[in-house]
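First the structure, in the form of structure tokens, and then the observations on it.
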Amino acid sequence: DVVMTQTPVSLPVSLGGQASISCRSSQSLVHSNGNTYLHWYLQKPGQSPQLLIYRVSNRFSGVPDRFSGSGSGTDFTLKISRVEPEDLGDYYCLQSTHFPWTFGGGTKLELK
Amino acid sequence: QVTLKESGPGILQPSQTLSLTCTFSGFSLSTYGMGVGWIRQPSGKGLEWLANIWWDDDKYYNPSLKNRLTISKDTSNNQAFLKITNVDTADTATYYCARIAYGLRRGDYWGQGVMVTVSS
Numbered sequence: 016d017v018v019m020t021q022t023p024v025s026l027p028v029s030l031g032g033q034a035s036i037s038c039r040s041s042q043s044l045v046h047s048n049g050n051t052y053l054h055w056y057l058q059k060p061g062q063s064p065q066l067l068i069y070r071v072s073n074r075f076s077g078v079p080d081r082f083s084g085s086g087s088g089t090d091f092t093l094k095i096s097r098v099e100p101e102d103l104g105d106y107y108c109l110q111s112t113h114f115p116w117t118f119g120g121g122t123k124l125e126l127k
Numbered sequence: 047q048v049t050l051k052e053s054g055p056g057i058l059q060p061s062q063t064l065s066l067t068c069t070f071s072g073f074s075l076s077t078y079g080m081g082v083g084w085i086r087q088p089s090g091k092g093l094e095w096l097a098n099i100w101w102d103d104d105k106y107y108n109p110s111l112k113n114r115l116t117i118s119k120d121t122s123n124n125q126a127f128l129k130i131t132n133v134d135t136a137d138t139a140t141y142y143c144a145r146i147a148y149g150l151r152r153g154d155y156w157g158q159g160v161m162v163t164v165s166s
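Chains as they are written, first to last, in my numbering: chain L, 16 to 127; chain D, 47 to 166.
Take a look at the structure:
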């Protein structure tokens, strides 16, 4: 299975500040069709995960441009600028290039 | 508007079979490229992708549970199902279903989840 390693596990931030979360995979996430299936989710307390970024850098419908994704191969980053209260929660990366699809262990974004 | 909602037994005993239903609207599992996935999350822990079913009835199972999982669909009633046989306490979790698109391979809309407890 592809192991997805997210860092940090906990990320204290100030409102209005910036946050960066790393997701590294144990093997390349480039599919044989040339696409890279790496996605980012936010799970707010008591809620189901919501899709933020798909295929590395594409914002899902309604996601503010404060969220941006980047990376390639095995190394990916989610950046959040101008952090707002509704951004707090658990962030997960998901790879769906290889079966079984696997998630990172999660990063808790919390107030400093 | 895409919505999904999971339902299940709430609590069951070890060795029983867990039956989950995902009832959805806003898309059809008879449409090319559409699928439904099942994901679970033990309380306070991370996410595990379990199984997918696609518009053409193709299925995918996580090998770690493959022999215990059965995924199916009822296209007419906009439902997808997951059965897990021989449950034990390690299967205690919140179970989610999500819409997936074949080309994008992402779960874009998720249900609210259903909590399942396995206890004697």
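Note that beta-carbon positions come from the ideal geometry of N, C-alpha and C, so glycine has one too.
Fair warning: this is a prediction, and the values are worked out from it, not measured in the lab.
>> Quick check: what's the CA-CA separation for D/Thr163 versus D/Asn132?
In response: One-based indexing of the second sequence puts residue 163 of chain D at position 117. One-based indexing of the second sequence puts residue 132 of chain D at position 86. Put simply, the backbone Cα of D/Thr163 is about 13 Å away from that of D/Asn132.
>> Within 8 Å of any Cβ in chain D, is that where the Cβ of L/His54 sits?
In response: Looking up residue 54 of chain L in the first sequence gives position 39. For L/His54, the nearest CB of chain D lies under 8 Å from its own CB, placing it at the interface with that chain.
> Which residues bound the beta strand (DSSP E) around L/Val25?
Replying inline: Start at 1 with the first residue of the first sequence, and residue 25 of chain L comes out as number 10. Reading the sequence as shown, one finds Ser at residue 25 of chain L and not Val. 25-28 is the extent of the beta strand (DSSP E) around L/Ser25.
> Going along the chain, which residues of its own chain have a beta-carbon closer than 6 Å to the beta-carbon of D/Gln211, five neighbours each way excluded?
Replying inline: One cannot answer for residue 211 of chain D here, as it falls past the ends of chain D, which runs 47 to 166.
> If you measure beta-carbon to beta-carbon, which residues of the stretch 93-115 of chain L are closer than 8 Å to chain D?
Replying inline: Within the stretch 93-115 of chain L, those residues whose Cβ lies closer than 8 Å to any Cβ of chain D are, in chain order, Tyr107, Leu109, Ser111, Thr112, Phe114, Pro115.
>> Cβ closer than 8 Å: which chain D residues qualify as neighbours of L/Phe118?
In response: Walking along the first sequence from the start, residue 118 of chain L turns up at place 103. Ordered by position in chain D, the residues that pass the 8 Å Cβ test against L/Phe118 are Gly92, Leu93, Glu94, Trp95.
> When you check each C-beta in the stretch 99-132 of chain D against every C-beta of chain L, which residues fall closer than 8 Å?
Replying inline: The residues in question are Tyr106, Asn108, Pro109, Ser110.
> Does the beta carbon of D/Arg152 sit closer than 8 Å to a beta carbon anywhere in chain L?
Replying inline: Sequence index remark: in the second sequence, residue 152 of chain D carries index 106 (1-based). By this cut-off, D/Arg152 is an interface position.
> Would you say the stretch 103-113 of chain L touches the stretch 36-46 of chain L, given that touching needs at least three Cβ pairs under 8 Å?
Replying inline: The stretch 103-113 of chain L, when compared against the stretch 36-46 of chain L, does touch it at the 8 Å Cβ threshold.
> Mind checking if L/Leu66 is an interface residue toward chain D, Cβ cutoff 8 Å exclusive?
Replying inline: Along the first sequence, read from residue 1 onward, the residue named residue 66 of chain L stands at position 51. Yes, because at least one Cβ of chain D sits closer than 8 Å to the Cβ of L/Leu66.
>> For a contact defined as C-beta to C-beta under 8 Å, what are the partners of D/Gln47 on chain L?
In response: As a working mapping, residue 47 of chain D is identified with position 1 in the second sequence. What D/Gln47 touches in chain L: nothing, since even the nearest Cβ is about 12 Å away.
>> Would the stretch 49-59 of chain L count as touching the stretch 52-71 of chain D if we require 3 or more Cβ pairs under 8 Å?
In response: Between the stretch 49-59 of chain L and the stretch 52-71 of chain D there are fewer than three C-beta pairs closer than 8 Å, too few to call the two in contact.
> Among residues of its own chain, excluding the 5 on either side of L/Leu53, which ones have a beta-carbon nearer than 6 Å to its beta-carbon?
Replying inline: Position 38 of the first sequence, counting from 1, holds the residue named residue 53 of chain L. If the five residues before and after L/Leu53 are omitted, its C-beta is found closer than 6 Å to the C-beta atoms of Leu44, Val71, Phe91, Gln110, all from its own chain and listed in chain order.
> Secondary structure at D/Ser122, three-state DSSP: helix, strand or coil?
Replying inline: Walking along the second sequence from the start, residue 122 of chain D turns up at place 76. For D/Ser122, the three-state secondary structure derived from DSSP is helix.
>> At the 8 Å Cβ level, is L/Ser63 part of the contact set with chain D, yes or no?
In response: Position 48 of the first sequence, counted from the first residue, corresponds to residue 63 of chain L. It does; some Cβ of chain D falls within 8 Å.
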